[in-house]
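Novice: Counting with the numbering used here, you get residues 8 to 284 for the letters of the sequence shown.
This is the structure I have questions about; it appears just below.
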Amino acid sequence: MARQGGTVLPLAQAQCCPDDLCLQQELTSLFECPICFDYVLPPILQCQAGHLVCKQCRQQLSLCPTCRGSLTPNIRNLAMEKVASAVLFPCKYATTGCSLTLHHTEKPKHEAICEYRPYSCPCPGTSCDWEGSLEAVMSHLMHAHKSITTLQGEDIIFLATDINLPGAVDWVMMQSCFGHHFMLVLKKQEKCEGHQQFFATVLLIGTRKQAENFQYRLELHGSCHRLTWEASPCSIHDGVHVAIRNSNCLIFDTATAHLFADNGNLGINVTISMCCP
Ligand SMILES: [Zn+2]
Ligand SMILES: [Zn+2]
Ligand SMILES: [Zn+2]
Ligand SMILES: [Zn+2]
Numbered sequence: 008m009a010r011q012g013g014t015v016l017p018l019a020q021a022q023c024c025p026d027d028l029c030l031q032q033e034l035t036s037l038f039e040c041p042i043c044f045d046y047v048l049p050p051i052l053q054c055q056a057g058h059l060v061c062k063q064c065r066q067q068l069s070l071c072p073t074c075r076g077s078l079t080p081n082i083r084n085l086a087m088e089k090v091a092s093a094v095l096f097p098c099k100y101a102t103t104g105c106s107l108t109l110h111h112t113e114k115p116k117h118e119a120i121c122e123y124r125p126y127s128c129p130c131p132g133t134s135c136d137w138e139g140s141l142e143a144v145m146s147h148l149m150h151a152h153k154s155i156t157t158l159q160g161e162d163i164i165f166l167a168t169d170i171n172l173p174g175a176v177d178w179v180m181m182q183s184c185f186g187h188h189f190m191l192v193l194k195k196q197e198k199c200e201g202h203q204q205f206f207a208t209v210l211l212i213g214t215r216k217q218a219e220n221f222q223y224r225l226e227l228h229g230s231c232h233r234l235t236w237e238a239s240p241c242s243i244h245d246g247v248h249v250a251i252r253n254s255n256c257l258i259f260d261t262a263t264a265h266l267f268a269d270n271g272n273l274g275i276n277v278t279i280s281m282c283c284p
């Protein structure tokens, strides 16, 4: 018999029937913590009557919030853990627009980099715990961090004064050009013990995607030396600590800083440009 031609849809393209979706939602709702409405994920602990409460809330409770029964001893619910592994959970930022659903082991990794995660205050070294939308970042900086100066233009000098101050120190300023705001950061800290280093980088007050459109150049000038670094700015969604952790910044030690410093002040020429499409 001649073989018949035909198309077979791969499984992934098959439409998920609405009943399946309802079942998924019904299943994930079983994992909702009655206190914070986040999901109770493995390892799952229950009260003596079988009620669940999430790890964070459990740490602050002595009695089950549902039945007022004892939460000790720790009783694991292995059956619910197995169900949790078979269910896809919505991202924590579903309410702000993320439509991903993930296996519970993938959730924390994704949520740390989710585009819909609120932005935190980009100021390094402060204990500011502000969070909000990208649109609100600039007004937060202008109201809560008034001491940060802003220079206009693509080509400016970032002057860090008193670089010999002991301990960990941050120098921060803003640069505005191309209709965007950039945060310039010079950080003095010990990345390796006993070894002070300077880290200089530029962050865009914008998304990672927007940051890809720009380049920056940092340049130190001495009487007979020059040190140049060129890179793409990081988004403030990642922040300074990510740039430092990945060594995605200009790094130099105190001896190098002294080669370029003038009376304890270090001038860094900062040039920002747009990438050609
Ligand atoms: Zn909870
Ligand atoms: Zn209970
Ligand atoms: Zn997400
Ligand atoms: Zn702040």
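Even for Gly, the Cβ is constructed at its ideal location relative to N, Cα and C.
1. With S140 as the anchor, note down where its alpha helix (DSSP H) starts and where it stops.
2. Taking 7 angstroms as the limit, tell me which residues put their C-beta closer than that to any heavy atom of ligand 5, in chain order.
3. Just to confirm the assignment: which complete alpha helix (DSSP H) runs, minimum length 4, are found wholly within the region 50 to 119?
4. Under the three-state reduction of DSSP, which class applies to E197: helix, strand or coil?
5. Just list the alpha helix (DSSP H) runs in the region 150 to 223, keeping only unbroken ones of 4 residues or longer that don't cross its boundaries, in chain order.
6. Just reading off the beta strand (DSSP E) that R233 is part of, what are its end residues?
7. Is K195 near A175, with beta carbons less than 8 angstroms apart?
8. Which residue wins for smallest C-alpha separation from I251, given the options L210, I82, R83?
9. Residues around ligand 2, please: the condition is that the C-beta lies closer than 5 angstroms to some non-hydrogen atom of it.
10. Using the C-alpha atoms, what's the distance from Q53 back to N84?
11. Rounded to the nearest angstrom, what separates C61 and R124 at their Cα positions?
12. Please report the residue range of the beta strand (DSSP E) in which V277 lies.
13. Using a Cβ-Cβ cut-off of 7 angstroms (strictly less than) and excluding sequence neighbours within five positions of L95, which residues of its own chain qualify?
14. According to DSSP, F259 sits in a beta bridge with which residue or residues?
15. Could you say which of L227, V249, L193 lies nearest to I120 if we only look at CA atoms?
16. Hey, which residues come within less than 5 angstroms of ligand 1, measuring from Cβ to any heavy atom, in chain order?
17. I need the straight-line Cα distance from F165 to I275, nearest angstrom please.
18. Which of helix, strand or coil does DSSP assign to L34?
19. Below 8 angstroms on the Cβ atoms is my guess for G76 versus L68; work out the distance and round it to an integer in Å.
20. Starting from V247, follow the alpha helix (DSSP H) in both directions and report where the run begins and ends.
21. Could you compute how far the alpha carbon of K160 sits from the alpha carbon of P173?
22. How many Å lie between E219 and M281 at the Cα?
23. Consider the C-beta atom of E142 and the heavy atoms of ligand 3; say whether any pair is separated by less than 7 angstroms.
24. Once the 5 residues before and after T235 are set aside, which same chain residues still bring their CB inside 6 angstroms of it?
25. Would you kindly check if the distance between the Cβ of I243 and the Cβ of C184 is under 8 angstroms?
26. DSSP state of K244, grouped into three classes?
27. For G229, collect the residues of the same chain with a Cβ closer than 8 angstroms to its Cβ; drop the 5 residues on either side in sequence, then sort them by chain order.
28. Would you check if the distance between the CB atom of L34 and the CB atom of V47 is smaller than 8 angstroms?
29. Using CA coordinates, which residue listed in N171, F38, A101, H232 is at the minimum distance from K89?
Specialist: Let me spell this out:
1. Run containing S140: none; DSSP gives neither H nor E here.
2. What this structure holds is ligand 1, ligand 2, ligand 3 and ligand 4, not ligand 5.
3. 62 to 66, 85 to 93
4. strand
5. 215 to 218
6. 233 to 238
7. yes
8. L210
9. C54, A56, H58, C71, T73, C74, G76
10. 6 angstroms
11. 21 angstroms
12. 273 to 281
13. Q31, T108, L109, H110
14. F205
15. V249
16. C40, I42, C43, C61, C64
17. 5 angstroms
18. helix
19. Between L68 and G76 the Cβ distance is about 11 angstroms, and since that is not below 8 angstroms, they are no contact.
20. 247 to 252
21. Sequence inspection shows Gly at residue 160; the Lys mentioned does not correspond to that position. So the two alpha carbons sit approximately 32 angstroms from each other.
22. 9 angstroms
23. no
24. E226
25. no
26. The sequence given here places His at residue 244; Lys does not occur at that position. In this structure, H244 counts as coil in the three-state DSSP scheme.
27. L266, F267
28. no
29. F38
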